[in-house]
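What follows is a set of notes on a single structure, which appears directly below.
What follows is the structure in structure tokens.
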């Protein structure tokens with residue numbers, strides 16, 4: 590994606606056309622070195638918690654919910670990558686317990702200086718024909734990497750949900766992921782429930798550019814070591830910037846007075862989401878997802894008794 594690229598929030602569609610007709614000149618771009626590392630634990634694997642821990646904006650929440658609903662029919666999980674795939678990832682069974690460690694490394698932030706770009710490059714008067722129904726344009730890009738390590742296990746005769754959840758939390762806490770450290774992880778404080786009883790599995794979510802720079806992990810400890818390498822791997826991607834991990838979308842209504850358009854009526858100038866309403870929809874979606882998993886468990890149990 591590029592600064593100035595047009596976006597239709599109703600369809601989650603990026604248009605190839607640029608707000609200002611051509612690439613934003615360097616003089617109109619401000620680059621900030623904002624290196625920062627943050628760590629989060631997602632305890633219950635709900636959409637609501639994932640959205641909150643990844644700081645997803647309300648409008649984007651609405652778009653993602655719509656895409657997830659449509660994907661039940663038209664797309665598979667393999668169509669998603671990185672933390673987008675993580676958000677979409679849901680278990681088939683209510684008996685599967687998941688806890689995730691989210692590592693976010695910010696490197697640089699690029700943003701359009703609107704006053705400068707307006708003076709240097711006039712907006713494209715025909716943009717509404719090239720990018721119909723656009724609602725936003727990309728005004729800022731955050732670079733870096735988001736890596737997510739998920740541990741999961743299923744409730745069985747030997748371990749109930751509470752004991753498994755406690756064991757997975759302790760396992761993640763014991764891993765002590767510290768990016769940049771060369772020390773091996775000390776597993777002496779791992780929970781005493783055996784991996785055989787727990788049958789702990791892992792899944793790693795990260796942009797494909799980083800997978801190509803290192804061997805893919807085969808177990809939890811290798812996944813942790815991979816996460817520890819992320820700062821050094823970021824330095825090898827896009828001249829140290831990493832990948833695009835988030836965008837700041839500027840609504841067209843915010844800069845309407847600057848636009849030189851032949852027919853501004855073809856563009857959507859008003860926000861599409863109410864934060865409270867979207868929050869309630871996310872909760873309902875989580876409840877429906879949980880009910881679907883419980884129903885699937887009942888169906889599987891019934892088939893197993895036939």
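Numbering (the working numbering), first residue to last: 590 to 895. Beta carbons are placed, not taken as given, at the ideal position from N, Cα and C, and that holds for glycine.
At the level of alpha carbons, what is the spacing between residue i and residue j?
{"i": "residue 876", "j": "residue 617", "result": "46 Å"}
{"i": "residue 628", "j": "residue 691", "result": "6 Å"}
{"i": "residue 753", "j": "residue 686", "result": "7 Å"}
{"i": "residue 827", "j": "residue 653", "result": "27 Å"}
{"i": "residue 816", "j": "residue 593", "result": "33 Å"}
{"i": "residue 865", "j": "residue 789", "result": "37 Å"}
{"i": "residue 591", "j": "residue 749", "result": "49 Å"}
{"i": "residue 624", "j": "residue 745", "result": "43 Å"}
{"i": "residue 778", "j": "residue 813", "result": "Note that residue 778 scores a pLDDT of 43, beneath 50, so its modelled location is shaky and nothing firm can be said."}
{"i": "residue 738", "j": "residue 760", "result": "12 Å"}
{"i": "residue 647", "j": "residue 895", "result": "46 Å"}
{"i": "residue 830", "j": "residue 621", "result": "11 Å"}
{"i": "residue 822", "j": "residue 892", "result": "47 Å"}
{"i": "residue 757", "j": "residue 641", "result": "21 Å"}
{"i": "residue 672", "j": "residue 639", "result": "10 Å"}
{"i": "residue 677", "j": "residue 645", "result": "13 Å"}
With a CB to CB cut of under 6 Å and the five nearest residues on each side skipped, what residues in its chain are close to residue i?
{"i": "residue 720", "result": "595, 604, 606"}
{"i": "residue 743", "result": "684, 685"}
So what does residue i bridge to, in DSSP terms?
{"i": "residue 628", "result": "692"}
{"i": "residue 697", "result": "622"}
{"i": "residue 739", "result": "689, 792"}
{"i": "residue 888", "result": "According to DSSP, residue 888 bridges with nothing at all."}
Hey, residue i and residue j: beta-carbon distance below 8 Å or not?
{"i": "residue 729", "j": "residue 800", "result": "no"}
{"i": "residue 740", "j": "residue 631", "result": "no"}
{"i": "residue 874", "j": "residue 636", "result": "yes"}
{"i": "residue 552", "j": "residue 735", "result": "Within the shown structure, residues of the chain are numbered from 590 to 895, placing residue 552 beyond reach of any answer."}
{"i": "residue 867", "j": "residue 732", "result": "no"}
{"i": "residue 689", "j": "residue 601", "result": "no"}
{"i": "residue 798", "j": "residue 832", "result": "yes"}
{"i": "residue 619", "j": "residue 703", "result": "no"}
{"i": "residue 871", "j": "residue 611", "result": "no"}
Any Cβ of chain C within less than 8 Å of the Cβ of residue i?
{"i": "residue 819", "result": "The question asks about chain C, but that chain is absent: this structure has only one protein chain."}
Sorted by chain position, which residues of the same chain lie with C-beta nearer than 7 Å to residue i's C-beta, five sequence neighbours on each side aside?
{"i": "residue 679", "result": "878"}
{"i": "residue 818", "result": "803"}
{"i": "residue 806", "result": "793, 812, 815"}
Could you pull out every residue in the same chain whose Cβ sits closer than 8 Å to the Cβ of residue i, ignoring the five residues on either side in sequence?
{"i": "residue 681", "result": "882, 885"}
{"i": "residue 751", "result": "none"}
{"i": "residue 880", "result": "none"}
(request) May I ask you to verify whether the region 724-731 touches the region 832-843, counting CB pairs closer than 8 Å and requiring at least 3? (result) Yes, since at least three Cβ pairs between the region 724-731 and the region 832-843 fall closer than 8 Å, the two stretches touch.
(request) Evaluate contact between the region 792-799 and the region 693-702, counting only Cβ atoms and requiring at least three cross-stretch pairs below 8 Å. (result) no
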